[in-house]
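Worksheet: one structure, shown below.
Numbering (the numbering used here), first residue to last: 56 to 349.
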């Protein structure tokens, strides 16, 4: 007699049919809260309470024009918000002072005054009310005082200003040259990295962006091309198409910028119809609005 050969059980039947959590309602994953501090150091704009928006303006290389952008951006915002815009000089000695006509022998107000300021009532002692409507925090009055500007001082100053001012603009040196830039970047709503269309600036821009990424600030960094169209410079179109840079604003090369800087004037006031001033107005009009934590 021939017996019918039994079929082997299929592989699917050998698999364990019971699965963990089977039949249970799926739990909805709750969004994780954003970490705003680490080792008591603020690492997010949400770590500081207040309605003000903090913008850091720094450059890929020294001399790329971050001070020019910072001063004119503050002046532009102050047109509609007089005495509600603070401009802080974190670029050592002399940058903002020279640009705004506040030499140390005539203006003793400086950033180290904030060491003795502990409340909103006292902040007037650390601000210079400029004729442009900008409230200025000038840099130190001596070279050997630069090392006294610490992240702790910066965080305290920004904590007070964020509660009392609409915009706080920080003029910073290139990232990696000191503690000022990374401290400002951690709590800034937006970070503008200014660069020029030349090879040296572009090489440093890559390292600058990498540094910001290591800080966790990459989502808030925007590139601003300065002096676009300068003779001998790389074309703006090539920078965007070949390098894939996220360029928020393109500031055209203008001889008037150097002329007005030497006169201690601001382009958005004295040459508002110049291509540079118009480009800055376009930049201010497209500033990303960052959502704040509730």
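We put the CB at the ideal spot given by N, CA and C, even for glycine.
| query | result |
| --- | --- |
| In DSSP terms, what residue 234 is bridged to | Looking at the DSSP assignment, residue 234 forms no beta bridge with any residue, so it has no partner. |
| Rounded separation between residue 99 and residue 273 - CA only | 12 angstroms |
| Cα-Cα separation between residue 309 and residue 201, rounded to whole angstroms | 32 angstroms |
| Helix, strand or coil at residue 111 according to DSSP, with G and I counted as helix | strand |
| Given 8 angstroms, three or more beta-carbon pairs between the region 104-117 and the region 161-170 | no |
| Cβ pair residue 191, residue 151 closer than 8 angstroms | yes |
| Cβ pair residue 226, residue 121 closer than 8 angstroms | yes |
| Where residue 257 sits in the DSSP three-state scheme | helix |
| Extent of the continuous beta strand (DSSP E) to which residue 248 belongs | 245-250 |
| At least three beta-carbon pairs within less than 8 angstroms, the region 332-345 to the region 136-144 | no |
| Residue 82 versus residue 217: straight-line alpha-carbon distance, rounded | Reliability fails at residue 82, whose pLDDT of 49 lies under 50, so the model's placement of it is uncertain and no value is given. |
| Cβ neighbour criterion (16 or more within 10 Å) applied to residue 185 | buried |
| Limits of the beta strand (DSSP E) - the one that residue 307 falls within | 302-307 |
| The beta strand (DSSP E) enclosing residue 330, as first and last residue numbers | Unbroken run through residue 330 is the alpha helix (DSSP H), 330-340; no beta strand (DSSP E). |
| Identity of the residues DSSP links to residue 190 by a beta bridge | 141, 184 |
| Residues sharing a beta bridge with residue 226, DSSP | 112, 144 |
| Residue 323, enclosing alpha helix (DSSP H) - first and last residue | 322-325 |
| Endpoints, beta strand (DSSP E) assigned at residue 281 | 276-283 |
| Beta-carbon proximity check, residue 289 vs residue 253, cutoff 8 angstroms | yes |
| Residue 132 to residue 313 span [Cα, whole Å] | 21 angstroms |
| Local Cβ density within 10 Å of residue 244, reported as buried at 16 or more and exposed below that | buried |
| Which of helix, strand or coil DSSP assigns to residue 96 | strand |
| Residue 173 versus 207, 203, 338, residue with shortest Cα-Cα distance | 207 |
| Residue 296, buried or exposed, once every other Cβ within 10 Å from all chains shown has been counted against 16 | exposed |
| Burial state of residue 56 (16 or more Cβ within 10 Å) | Note that residue 56 scores a pLDDT of 49, beneath 50, so its modelled location is shaky; the value from the coordinates is reported in the next line. Residue 56 should be labelled exposed. |
| Enclosing alpha helix (DSSP H) for residue 315 [first to last residue] | 310-317 |
| Beta-carbon gap between residue 111 and residue 247 smaller than 8 angstroms | yes |
| Beta-carbon proximity check, residue 276 vs residue 97, cutoff 8 angstroms | no |
| Rounded C-alpha distance that separates residue 137 from residue 187 | 8 angstroms |
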